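For the sequence shown, this note's numbering gives the first residue as 1, with consecutive numbering after it. Think of the CB as a built atom: it goes at the ideal place given N, C-alpha and C, for glycine as much as any other residue. What you are looking at is a predicted structure, and each value in this text was computed from that prediction instead of being measured. Heads up: the structure comes next, in structure tokens.
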Amino acid sequence: MKIVALTTHVEGYLDSVQEAAPEAEIVEAPDDNALLGEVGDAEVLFPGHFGEDLVDAAERLKWVQVSSAGVEWMPKEALARRGCTVTNAAGIHAIPVAETAIALLSGVARRVDSTTRNRVKGEWVRPPEIFELFEKTVGVIAMGGIGRAFAERAHGLGMRVIGVDVNPASKPDCVDELRGIDELGWLLTSSDVVCMTAPDTPKSHHMMNAQRFAQMKDGSIFLNVSRGGPVDTEALIDAIDSGKFFGVGLDVIEGEPLEADHPIWSRDDVLITPHVGGMSPRRIERMIELFVENLRRYQAGERLLNVVDLKAGF
């Protein structure tokens with residue numbers, strides 16, 4: 001069995017990968033060109049983002065482990081034609097993304113962005129109002145790994161947590177009520193804070209649009225830490241301009257990175273971080289742990305973790 005991996009994925013962890021597959025030939029590729037040159041006889045691939053050309057070149061490919069949770073960028077049809085199993089990295093980013101969501105929530109609630117702007121100008125100005133989180137209701141859209149990690153932390157702040165998900169039967173203890181995704185309207189009208197943690201799929205694209213923003217409470221907070229696609233940016237800006245929200249926190253947005261003249265930059269009630277949610281000094285460590293466990297399962301003929309439904313897109 002030949003395994004080809006980007007050097008950035010296995011550097012410093014090659015021994016643990018080799019221990020999981022002692023008989024395997026493991027090839028480290030320093031860049032995408034080297035990766036493309038090695039995949040012809042590879043059975044397992046551990047790449048970064050890749051295109052259809054790589055799938056076409058990998059004639060013996062059976063399994064691809066990707067390093068991201070989202071797979072909206074992936075050449076799914078080509079992989080399906082090849083009959084490859086694809087597993088994503090759902091779960092390894094849950095902790096840092098949830099921490100990012102809490103940082104955005106706290107920052108918006110305490111008006112950190114506007115007070116920071118005043119600090120730069122040397123002005124000691126208190127914000128006119130503050131949003132207290134204690135005993136507020138937070139609605140989480142999609143209760144995957146990130147949604148659950150965020151729900152746990154919000155619950156720890158004394159918030160009431162509700163959610164919607166495609167699998168409402170799997171309610172975590174920290175969530176007060178979990179309903180199906182078709183109950184999104186209930187979540188929006190019931191929540192003081194709404195946090196988007198859904199993947200970007202054809203079904204979720206622009207699920208938060210003008211109609212949905214109108215359903216949210218006046219003076220509520222909206223957060224997005226998943227992908228830009230599920231949120232209609234024009235509708236979001238219109239809602240912000242209308243005074244709908246107390247504030248908005250975004251780690252992701254359609255069209256990122258934003259141009260310097262994008263209208264959302266100037267808003268005092270919008271806190272933006274540049275898609276840093278998944279950043280963590282433990283990211284590679286967690287990614288290798290997942291890959292090694294899946295490699296063990298692959299050789300044993302067991303079901304792999306995080307298998308992607310190529311038709312559904314997650």
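Which residues in the same chain as V27 place their Cβ atom closer than 8 Å to its Cβ, once the five residues preceding and following it in sequence are excluded? K2, I3, V4, A5, E38, A42
Go through the segment 188-231 residue by residue and report every complete run of the beta strand (DSSP E) that reaches 3 residues or more, in order. 193-196, 220-224
D56 versus F213 - alpha carbon distance: 42 Å
Please report the distance separating the alpha-carbon of R267 from that of Y298. 49 Å
What is the DSSP secondary structure of I92, reduced to helix, strand or coil? coil
At which residue ranges does the segment 231-267 contain complete beta strand (DSSP E) runs of 3 or more residues, listed in the order of the chain? 245-250
The beta strand (DSSP E) enclosing I181, as first and last residue numbers: It is not in any beta strand (DSSP E) - I181 carries neither H nor E in the DSSP assignment.
For H49, count the other beta carbons within 10 Å of its own beta carbon; 16 or more makes it buried, fewer makes it exposed. Which is it? exposed
Under 7 Å between C-beta atoms of V252 and R227: yes
With three or more beta-carbon pairs closer than 8 Å as the criterion, would you say the segment 230-239 touches the segment 98-105? no
Counting beta carbon pairs with one atom in the segment 136-155 and one in the segment 186-198, are three or more of them shorter than 8 Å? yes
Rounded to a whole number of angstroms, what is the C-alpha to C-alpha distance between D113 and E129? 13 Å
Quickly, what does DSSP pair Q65 with across the bridge? List them, please. T87
Contact criterion: CB-CB distance below 7 Å. Does R160 meet it with respect to chain D? Chain labels in this structure do not include chain D; a single protein chain is all it has.
What first and last residue would you give for the beta strand (DSSP E) that runs through E273? Note that residue 273 is Thr in the sequence shown, not Glu. Element bounds for T273: n/a, residue is neither H nor E.
Could you spell out where the beta strand (DSSP E) holding F291 opens and where it closes? Careful: F291 lies outside any beta strand (DSSP E), inside the alpha helix (DSSP H) at 283-300.
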